[in-house]
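Each protein sequence line maps, in turn, to chains A and B. Residue 14 is where the first sequence starts when you use the numbering used here, and the numbers rise one by one after that. Residue 51 is where the second sequence starts when you use the numbering used here, and the numbers rise one by one after that. Okay, so here's the structure we're looking at.
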Amino acid sequence: EPEVTQTPSHQVTQMGQEVILRCVPISNHLYFYWYRQILGQKVEFLVSFYNNEISEKSEIFDDQFSVERPDGSNFTLKIRSTKLEDSAMYFCASSRQKNTEAFFGQGTRLTVV
Amino acid sequence: AQSVTQLGSHVSVSEGALVLLRCNYSSSVPPYLFWYVQYPNQGLQLLLKYTSAATLVKGINGFEAEFKKSETSFHLTKPSAHMSDAAEYFCAVSDLGNQGGKLIFGQGTELSVKP
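Below, the structure is given as structure tokens:
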């Protein structure tokens, strides 16, 4: 069964460093998303991506964040200069169409020290 | 603006008992509603979805949910809890007003199942 895969599963980085979180969405899906979940809190939307551009982003997704689909299969989230409060589980998701179910990856746990 | 409220951050039931997890939504247009389950250290797995067809929706693992427009609710039920149902459950809403089809999640309900 097709699935969304994310790498790495866990990343530890020093404050101020850049990190890139990687995702391979399901191959015939057209919509891609990043969400995050701070420990003990709810899942929050960060950004949606369609047709090679951002279709919507949340207030959390400030200038420190960027997304890219560099090669037609990978979908990446870059955080330019990490802060302690960026520590969270980051989930990538994809869906075939808008408003259909999204399929989630296993997540990347980012720890900023 | 859309929102989701899950009543009860933690629900505990005995094995074999009815499971009822509550979800109320707010949406200015007809919503699409979803329940996801998250097992420890795993991602989110879709349990079931409502997309304007039948109001009673059946999902995986014996779960079902009923869309009630008058009550703006989409409660999740299972007639008989199993130990393996212990997990975190998230209700989510989306609608055609979203530019990119994002999901808005509730706070989550942790389900514990006692033997």
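Note that CB positions come from ideal geometry on N, CA and C, so glycine has one too.
Run the CB neighbour count on A:R109, radius 10 Å, all protein chains shown included, and call it buried at 16 or more, exposed below. The residue is exposed, with fewer than 16 neighbouring Cβ atoms inside 10 Å.
Could you have a look at A:N41 and say whether DSSP puts it in helix, strand or coil? A:N41: coil per DSSP, three-state reduction.
Tell me, please, which residues DSSP counts as bridged to B:F117. According to DSSP, which records beta bridges pairwise, B:F117 is partnered with B:F124.
Going by C-alpha to C-alpha distance, which of B:S76, B:A142, B:G151, B:L97 sits closest to B:T127? Ranked by Cα distance from B:T127, the options B:S76, B:A142, B:G151, B:L97 are led by B:L97.
If you compare alpha carbons, which of B:G112, B:A137, B:T122 is closest to B:P129? The residue among B:G112, B:A137, B:T122 with its C-alpha nearest the C-alpha of B:P129 is B:G112.
Can you check whether the C-beta of A:Y103 is within less than 7 Å of a C-beta belonging to chain B? Contacts with chain B at 7 Å (Cβ-Cβ) do not include A:Y103.
Quick one: complete beta strand (DSSP E) runs, 3+ long, within the region 41-71 of chain A? Runs found: 44-50, 56-63, 66-70.
Whole-Å CB distance - B:L161 paired with B:V54, under 8 Å assumed: Not quite, the Cβ-Cβ distance comes to about 17 Å (not below 8 Å), so this is no contact.
Since A:Q30 and A:T95 should fall inside the 8 Å C-beta cutoff, what is the C-beta to C-beta distance between them, to a whole number of angstroms? Between A:Q30 and A:T95, the beta carbon gap of about 6 Å places them in contact (Cβ cut-off 8 Å).
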